[in-house]
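Per the working numbering, the sequence shown starts with residue 27, numbered consecutively. Notes for the one structure printed next.
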Amino acid sequence: MRGRFAPTPSGLMHIGNARTALLAWLQARSAGGRFIMRIEDIDKPRSRPGYAEQALADLRWLGLDWDEGPDIGGPFAPYAQSKREALYEEALQKLQEGGWLYPCFCSRAELAAIASAPHGLGSEGPAYPGRCRDLTEAERAARAATKTPSLRFRVGDRAVRFVDRAAGPQAFAPGAGGDFVVKRADGIISYQLAVVVDDAAMGVTDVLRGADLLDSTPRQLLLYEALQLPAPRFAHVPLLAGPDGKRLAKRHGGIALASLRDSGTAPERITGWLAFVSGLIDRPEPVRPMELVGRFDLRSLPKDPVIVTDELLKRLYGGMA
Ligand code: GLU
27 MRGRFAPTPS
37 GLMHIGNART
47 ALLAWLQARS
57 AGGRFIMRIE
67 DIDKPRSRPG
77 YAEQALADLR
87 WLGLDWDEGP
97 DIGGPFAPYA
107 QSKREALYEE
117 ALQKLQEGGW
127 LYPCFCSRAE
137 LAAIASAPHG
147 LGSEGPAYPG
157 RCRDLTEAER
167 AARAATKTPS
177 LRFRVGDRAV
187 RFVDRAAGPQ
197 AFAPGAGGDF
207 VVKRADGIIS
217 YQLAVVVDDA
227 AMGVTDVLRG
237 ADLLDSTPRQ
247 LLLYEALQLP
257 APRFAHVPLL
267 AGPDGKRLAK
277 RHGGIALASL
287 RDSGTAPERI
297 TGWLAFVSGL
307 IDRPEPVRPM
317 ELVGRFDLRS
327 LPKDPVIVTD
337 ELLKRLYGGM
347 A
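As structure tokens, then:
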């Protein structure tokens, strides 16, 4: 069993990310598996200098460790996506040869306009309408003379089904979400492609991540299939949410690990609280990650987003009794 945590270094590690990291770590450690740390800094404009190192330092402070990662190396180095572009290009080549890709010349503004047109995409949401899917070679050449295209993957017309180990059986309608971008016009490889190439290359057998990525999974499964790579098992865990029901973010309070540390909160208090809100222990008492290994059980995780109320946050800062 090989698990992983794959943060994007676009901000400080907060209790929401830390909770996903802890659960992925527990899944690997409770199975006697290996745990991999990978920095997903493929989207350079979103990744800010210093945050990757800070994320690793924060997670170590919390009591997590990893067997392979950007700071310690390992058999599948490098462990930062910005250094793995050759692998993504190789995968793109393979997809091109298999006829899975086509160039798309649509701008974001055009796609937004189509999506909001009265007879546009209706209830399906802003899925890509396939405008450039069937251009002729001559049309492509003409457009390419003035515009650099993105590359899209043809999702085809099959439904995608899989059993998620936390969220249960999943079924996505044929073409759900539409043909998606694997390489942007600015040359940046998409998350969908990079994550598949990396999880496969690194031999990841189990992906545990936030439920916000559940919708990405059918796309990734199509990529695994097209690239003829074995797909991992998936477990998408309900997110921590703010009182407004939205994914927990900085605006919901002082919840960056760094600020908790600076305010004198002990790491085991945080891991105990995270275990408590994840249903692994009955009271938010201080617990070190190692002590939780025997208690990890995917089935005991909450099924719905966990609303982090002020009351609940107070138990993190002070009221542990
Ligand atoms: N890099 C993604 C994020 O930070 C996670 C990707 C994944 O776990 O597949 O949201």
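Positions of the beta carbon are idealized from the N, C-alpha and C atoms, including for glycine. Quick caveat, the model's predicted, so the values are computed rather than measured.
* To do: Report the residue ranges of all beta strand (DSSP E) runs contained in full by the segment 151-231; include only those spanning at least 3 residues, in chain order.
  => 176-179, 186-190, 194-198, 206-209
* Closest Cα partner of Gly213 within the set Glu163, Ala112, Glu317, Ala202 -> Ala112
* Should Val233 be counted as a contact of the ligand GLU given a C-beta to heavy atom distance under 7 Å? -> yes
* Top-ranked residue by Cα proximity to Ala202, from Ala83, Leu240, Ala170, Thr174 -> Leu240
* Looking at C-beta atoms only, is the number of pairs between the segment 54-69 and the segment 260-275 that lie closer than 8 Å three or more? -> no
* Kindly examine the ligand GLU and report whether one of its heavy atoms sits closer than 7 Å to the Cβ of Val221. => yes
* To do: Measure the alpha-carbon distance for Arg191 versus Gln119 and round it to whole angstroms.
  => 32 Å
* Counting Cβ pairs closer than 8 Å, one from the segment 286-306 and one from the segment 250-258, do we hit at least three? -> no
* To do: Please report how far the alpha carbon of Arg174 lies from the alpha carbon of Glu311, in whole angstroms.
  => Looking at the sequence provided, one finds Thr at residue 174 rather than Arg. Whole-angstrom Cα-Cα distance: 55 Å.
* Close Cβ partners of Gly182 (< 8 Å) along its chain, the five nearest in sequence each way excluded -> Pro200, Gly201, Leu248
* **Check whether Tyr217 and Arg178 have beta carbons under 8 Å apart** => no
* **Cβ separation of Leu274 and Ala50, assumed to be a contact under 8 Å, to the nearest whole Å** => No, Leu274 and Ala50 are not in contact; Cβ-Cβ is about 17 Å, not under 8 Å.
* **Exposure of Gly42, with buried meaning 16 or more beta-carbon neighbours within 10 Å** => buried
* C-alpha distance - Cys158 paired with Leu90, whole-angstrom precision -> 46 Å
* To do: Using beta-carbon positions only, say whether Ala226 and Ile68 come within less than 8 Å of one another.
  => no
* Asked: So Met63 is in the beta strand (DSSP E); what residue range does that whole segment cover?
  -> 60-63
* Asked: Hey, is the segment 294-303 in contact with the segment 67-85, meaning 3+ C-beta pairs nearer than 8 Å?
  -> no
* Asked: Which two residues bound the contiguous beta strand (DSSP E) that contains Gly29?
  -> 28-31
* DSSP three-state assignment for Arg259, whether helix, strand or coil -> strand
* To do: Only counting runs of 4 or more residues, tell me where the alpha helix (DSSP H) segments fall wholly within the segment 62-116, in order along the chain.
  => 77-88
* Asked: CB-CB under 6 Å to His145, same chain, minus the five flanking residues each way: which ones, in chain order?
  -> With a pLDDT of 45 at His145, under the threshold of 50, the modelled position of that residue is not reliable, and no figure is offered here.
* To do: Flag Thr291 as yes when its Cβ comes closer than 7 Å to any non-hydrogen atom of the ligand GLU, and as no otherwise.
  => no
* Which value, in whole angstroms, describes the spacing of the CA atoms of Arg72 and Ser108? -> 12 Å
* Asked: Got a sec: does the ligand GLU put a non-hydrogen atom nearer than 7 Å to the Cβ of Glu66?
  -> yes
* **Buried/exposed call for Arg325, threshold 16 Cβ in 10 Å** => exposed
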